[in-house]
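J.: Structure provided below as structure tokens; questions to follow.
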Amino acid sequence: MKCYQCPLACGADRPGKAGACSVGSIRIAKYGLHYYEEPPISFSTGSGAVFFCGCPLKCVFCQNFDLSRNLRGKEISVEELADIFRRLEEMGADNINLVTATQYLSDIEAALKIYRPSIPIVWNSSGYEKMETLERAGEFVDIWLPDFKFMDPKLAKRYTGKENYPDFAAPAIRYMAQKPLVMREDGKMLSGCIIRHLILPLAAYDSIQIVRYVASLKSDAYLSVMSQYTPFGDIEKFPELQRRITKREYNMVKDAALETGMERLFLQDFSSATEEYIPDWDF
131 MKCYQCPLAC GADRPGKAGA CSVGSIRIAK YGLHYYEEPP ISFSTGSGAV FFCGCPLKCV
191 FCQNFDLSRN LRGKEISVEE LADIFRRLEE MGADNINLVT ATQYLSDIEA ALKIYRPSIP
251 IVWNSSGYEK METLERAGEF VDIWLPDFKF MDPKLAKRYT GKENYPDFAA PAIRYMAQKP
311 LVMREDGKML SGCIIRHLIL PLAAYDSIQI VRYVASLKSD AYLSVMSQYT PFGDIEKFPE
371 LQRRITKREY NMVKDAALET GMERLFLQDF SSATEEYIPD WDF
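The opening position of the sequence shown corresponds to residue 131 in my numbering, with each subsequent residue numbered one higher.
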């Protein structure tokens, strides 16, 4: 089946042939209870994360570099994916967290026909999405968890080679932000959207644009501003990425976020820039 699920629309005949995302058949690097998402997602027991291999975007600084380049992981069937959903639910996961799943939308749809968990399903995405894909995923997604990486096309081109990232991400974020917010009294999210943004070195100006764009949506979505950037990935040719963000850069974005008056806001501590957020990929 020719694949057009992501904005690259490469038309690869998957699963036999790998697409621009670097994968053909279903490949995962790891699954299990994950505790490093925002509090309403990780909650008490942990988010039931499935880390998929491959990625249409391929940021040079990717913290999940081995996954996005399909350098590790194992091939599984649709039936095995459905069984993973079941196992995570039996382990007590607070939700099923589909991490970088865009290229596997058809496979996930098939797996959910075999077993549909009774806990919320999270779509954990780069934000580089086609509307048709989001509308299909919206049939089963309870919580959208997208990144909004760049507003400046020049930054997108420099770090991903996809100058059109904002053209796809901005309307995708607007669509996902409209998901009705449903929170349990104890703080667990059952439905809604959390928009993430990672502050990058020398890019605070772009972060401020993103913060203001999200605020302008006037939705029930949360904004999660992250300071955890840690030099990683294929950044040898990018000297500006070989350091963490400065306190000044962090404060510029933090102040801009607070000035918007957004009530649903997560601000990661400046001290969060450590390698503990880079997962261990061994099963």
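In this text, a Cβ means the ideal position worked out from N, Cα and C, and glycines have one as well.
(1) What separation, rounded to the nearest whole angstrom, lies between the Cα atoms of LYS243 and PHE270?
(2) Beta-carbon within less than 7 Å of GLY222's beta-carbon, same chain only, minus the 5 sequence neighbours each way: which residues are those?
(3) Is it buried or exposed for ARG157, if we count other Cβ within 10 angstroms and need 16 for buried?
(4) In chain order, what residues of the same chain lie with their CB nearer than 6 Å to the CB of VAL341, ignoring the 5 residues before and after it?
(5) Which of helix, strand or coil does DSSP assign to ASP213?
(6) Please go through the same chain and pick out, in chain order, the residues whose beta-carbon is closer than 6 Å to the beta-carbon of ALA240, but skip the five residues on each side of it.
(7) So does the stretch 282-298 actually touch the stretch 306-325, counting three or more Cβ pairs closer than 8 Å?
(8) Could you pull out every unbroken alpha helix (DSSP H) segment of at least 4 residues lying fully inside the stretch 251-333, listed in chain order?
(9) Which term fits LYS197, buried or exposed, when burial requires 16 or more other beta carbons within 10 angstroms of its beta carbon?
(10) With 16 other CB atoms within 10 Å as the buried threshold, where does GLU366 fall?
(11) Check for me: the alpha helix (DSSP H) holding MET382 runs from which residue to which?
(12) With a CB to CB cut of under 7 Å and the five nearest residues on each side skipped, what residues in its chain are close to ASP336?
(13) Tell me the residue span of the beta strand (DSSP E) that contains SER354.
(14) For TYR343, does the count of other Cβ atoms within 10 angstroms reach 16, so buried, or fall short, so exposed?
(15) Where does LEU201 land, buried or exposed, given buried means 16+ other C-beta within 10 angstroms?
(16) Contact check, GLY257 vs ASP277 under 8 Å by CB: the rounded distance?
(17) Measure the CB-CB distance between GLU259 and ALA302 and report whether it falls below 8 Å.
(18) When you compare only the Cα positions, how much space is there between ILE226 and LEU218?
(19) Considering only the beta carbon of each residue, do ALA345 and THR390 sit closer than 8 Å?
(20) Hey, quick one: how far does the alpha helix (DSSP H) through LYS243 stretch, first residue to last?
(21) Okay, do the stretch 344-361 and the stretch 313-324 touch, 3+ Cβ pairs below 8 Å being the bar?
(22) Could you pull the start and end residues of the alpha helix (DSSP H) that PHE368 belongs to?
(23) Could you tell me whether the Cβ atoms of MET313 and PRO170 are closer together than 8 Å?
(24) Taking the C-alpha atoms as reference points, what is the distance between ALA140 and LYS147?
(25) If you draw a straight line from the alpha carbon of PRO369 to that of GLU293, how long is it in whole angstroms?
(26) Kindly list the residues whose CB is nearer than 7 Å to the CB of LYS318, restricted to its own chain and excluding five residues on each side of it in sequence; keep chain order.
(27) Out of SER152, TYR380, ASP213 and TYR359, state which residue places its alpha-carbon closest to the alpha-carbon of GLY203.
(28) Kindly indicate which residue of ALA231, PRO250 and ALA159 has the alpha-carbon position closest to the one of GLU205.
(29) Run through the stretch 175-226 for me and flag every whole alpha helix (DSSP H) of 4 or more residues, listed as ranges in chain order.
T.: Looking at the coordinates:
(1) 11 Å
(2) THR175
(3) buried
(4) ALA386 and ALA387
(5) helix
(6) VAL208
(7) no
(8) 261-267, 283-290 and 295-307
(9) One detail in the question is off: residue 197 reads as Leu in this sequence, not Lys. Burial call: buried.
(10) exposed
(11) 377-389
(12) PHE280, MET281, ASP282 and LEU285
(13) 352-356
(14) buried
(15) exposed
(16) 5 Å
(17) yes
(18) 7 Å
(19) yes
(20) 235-244
(21) yes
(22) Unbroken run through PHE368: none, as it is neither H nor E.
(23) yes
(24) Correcting the residue type first, residue 140 is Cys in the shown sequence and not Ala. When rounded, the distance between both Cα atoms is 11 Å.
(25) 20 Å
(26) PRO170, PHE173 and ASP224
(27) SER152
(28) ALA159
(29) 195-198 and 208-220
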